[in-house]
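Everything on this sheet refers to the single structure shown next.
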Amino acid sequence: VHDIEHTSAPFSSLDPSKAEGEEVVSMADTIRQWAPAGFVYLLWIALMSTVQMLLNNTVEEKSNRIIEVLLSSVTPWELMWGKLIGIAGIGLTMLSTWLISLVSILAYFSGPEAMIATQIYDVIREGGLMPLFMIYFFAGYMLYAGIFLAIGSMCSTIKEAQNFMGPVMIIMMVPIFTMMFIPRDPNGTLATILSWIPLYTPFVMMNRAAADPPMFELVGTSVLLFVSIIATLWLSGKIFKTAILRTGQPPKLRQLVSWLRG
Numbered sequence: 246v247h248d249i250e251h252t253s254a255p256f257s258s259l260d261p262s263k264a265e266g267e268e269v270v271s272m273a274d275t276i277r278q279w280a281p282a283g284f285v286y287l288l289w290i291a292l293m294s295t296v297q298m299l300l301n302n303t304v305e306e307k308s309n310r311i312i313e314v315l316l317s318s319v320t321p322w323e324l325m326w327g328k329l330i331g332i333a334g335i336g337l338t339m340l341s342t343w344l345i346s347l348v349s350i351l352a353y354f355s356g357p358e359a360m361i362a363t364q365i366y367d368v369i370r371e372g373g374l375m376p377l378f379m380i381y382f383f384a385g386y387m388l389y390a391g392i393f394l395a396i397g398s399m400c401s402t403i404k405e406a407q408n409f410m411g412p413v414m415i416i417m418m419v420p421i422f423t424m425m426f427i428p429r430d431p432n433g434t435l436a437t438i439l440s441w442i443p444l445y446t447p448f449v450m451m452n453r454a455a456a457d458p459p460m461f462e463l464v465g466t467s468v469l470l471f472v473s474i475i476a477t478l479w480l481s482g483k484i485f486k487t488a489i490l491r492t493g494q495p496p497k498l499r500q501l502v503s504w505l506r507g
């Protein structure tokens, strides 16, 4: 009887509210999943601001005949690269200000909010989101700047440029529309397909940063993006050289093709 009283059997506590294999998602996991989407939005805003600045600057200088004065001292290629590098410097300065402000705001919190702020900072730092953000900004800027610079060189007024901007803006809105879907399945079909389209590569790969995409996709999309940047800037340079001193209406499609062939 004494032995029976001291006999115990192992038992386990079951929680019927949780399915087998279900794990608790922590605040850090949620931040890690959605932090890249926040950087995608900042990337989109930064790119739109800088390339729009480049477009307006080019159109204004052309309409005010300032371009003619500048081309008396430099070649069209030198002027084009001067514009690209100058606006890129402004964009990088703006981004640096944003990132410094973000870190300062996170460091400002105290009390219960400080724990969340610390988790956000740790996710950003450990995931390498800031360096990746700067790299994709520069790559995206060079790609879209080539397109906007070509548009600006063909137009004498902002109104004319806006006619070309419609299709470009539709293309640029796709990353915003998909920004909230990709974090739910960062290595899914939609994310994979969009990653291989150079116009979307900076945004989508930034959004997939927390999911560690396959190395093949990371290298492959980067190479394709680099080749697309070179091709875009080369074609943009041919248009810029021919159109920047041209007056009158923007060229028709046939004339534009002849410029690219020449």
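Residues 246 to 507, numbered by this note's numbering, are exactly what the sequence shown covers, in order.
Note that beta-carbon positions come from the ideal geometry of N, C-alpha and C, so glycine has one too.
Backbone secondary structure at proline 495 - three-state DSSP: Three-state DSSP puts proline 495 in coil, outside helix and strand.
Between the CA atoms of tryptophan 441 and glycine 465 - distance to the nearest angstrom: When the Cα atoms are used, glycine 465 and tryptophan 441 turn out to be separated by approximately 8 Å.
DSSP state of leucine 463 mapped onto helix, strand, coil: Looking at leucine 463 - three-state DSSP - the assignment turns out to be helix.
Arginine 453, buried or exposed, once every other Cβ within 10 Å from all chains shown has been counted against 16: Buried, by the Cβ-count rule.
Buried versus exposed call for glycine 336 [16 or more other C-beta atoms within 10 Å across all chains shown]: Counting the other Cβ atoms within 10 Å of the Cβ of glycine 336 gives 16 or more, which makes it buried.
Start and end residues, alpha helix (DSSP H) containing isoleucine 438: Boundaries of the alpha helix (DSSP H) harbouring isoleucine 438: 434–440, taken from the DSSP string.
Beta-carbon separation (whole angstroms), alanine 488 vs serine 349, contact threshold 8 Å: About 44 Å separates the two Cβ atoms, so there is no contact after all.
Candidates Thr492, Gln494, Leu480, of which the one nearest serine 503 by Cα: For serine 503, the closest alpha carbon among the candidates Thr492, Gln494, Leu480 is that of Leu480.
Any non-hydrogen atom of the ligand ATP within 7 Å of threonine 320 CB: Absence of the ligand ATP is noted for the structure shown, with no ligands found whatsoever.
Supposed contact pair alanine 384 and leucine 470 - C-beta distance, whole angstroms, cut 8 Å: At roughly 6 Å, the Cβ-Cβ gap stays under 8 Å, so leucine 470 and alanine 384 are in contact.
Isoleucine 312 versus Ala359, Phe485, Ala352, Gln407, residue with shortest Cα-Cα distance: Taking only the C-alpha atoms, the option nearest isoleucine 312 is Phe485.
CA-to-CA distance, threonine 492 to phenylalanine 422, given in whole angstroms: Their backbone Cα atoms lie some 38 Å apart in a straight line.
DSSP three-state assignment for arginine 310, whether helix, strand or coil: Residue state, collapsed to three classes: coil.
Neighbour-count burial assignment, arginine 506, 16 or more Cβ in a 10 Å radius: By the 10 Å Cβ count, arginine 506 comes out exposed.
Beta-carbon proximity list for glutamine 494, same chain, < 6 Å, skipping 5 on both sides: Taken in chain order, the list of residues that qualify is empty.
Residue closest to glycine 433, alpha-carbon to alpha-carbon, out of Val419, Leu444, Pro443, Val449: Here the closest residue by C-alpha is Val449.
Residue from Pro420, Ala456, Thr342, Val472 with nearest C-alpha to aspartate 430: Taking the Cα of aspartate 430 as reference, the smallest distance to any Cα among Pro420, Ala456, Thr342, Val472 is reached at Ala456.
Distance, isoleucine 427 Cα to tryptophan 326 Cα: Cα-Cα distance, rounded: 35 Å.
Aspartate 367 in three-state terms, based on DSSP: Looking at aspartate 367 - three-state DSSP - the assignment turns out to be helix.
Distance between beta carbons of glycine 482 and tryptophan 289, contact taken as under 8 Å: Taking a contact as a CB-CB distance under 8 Å, the pair tryptophan 289 and glycine 482 does not count as one, their CB atoms being some 26 Å apart.
First through last residue of the alpha helix (DSSP H) which encompasses methionine 387: Residue range 374–399 is occupied by the alpha helix (DSSP H) that includes methionine 387.
Simplified DSSP state of isoleucine 290, which is helix, strand or coil: The answer is helix: DSSP assigns isoleucine 290 an H, G or I state.
Local conformation of aspartate 260 per DSSP, three classes: Reliability of the predicted coordinates at aspartate 260 is poor, the pLDDT of 44 falling under 50, and no value is obtained from them.
Glutamate 358 burial status per 10 Å Cβ neighbour count (16 or more: buried): Glutamate 358 counts as exposed, since fewer than 16 other C-beta atoms from the protein chains shown sit within 10 angstroms of its C-beta.
Backbone CA spacing between arginine 277 and methionine 425 [nearest angstrom]: Spanning the two alpha carbons is a distance of roughly 14 Å.
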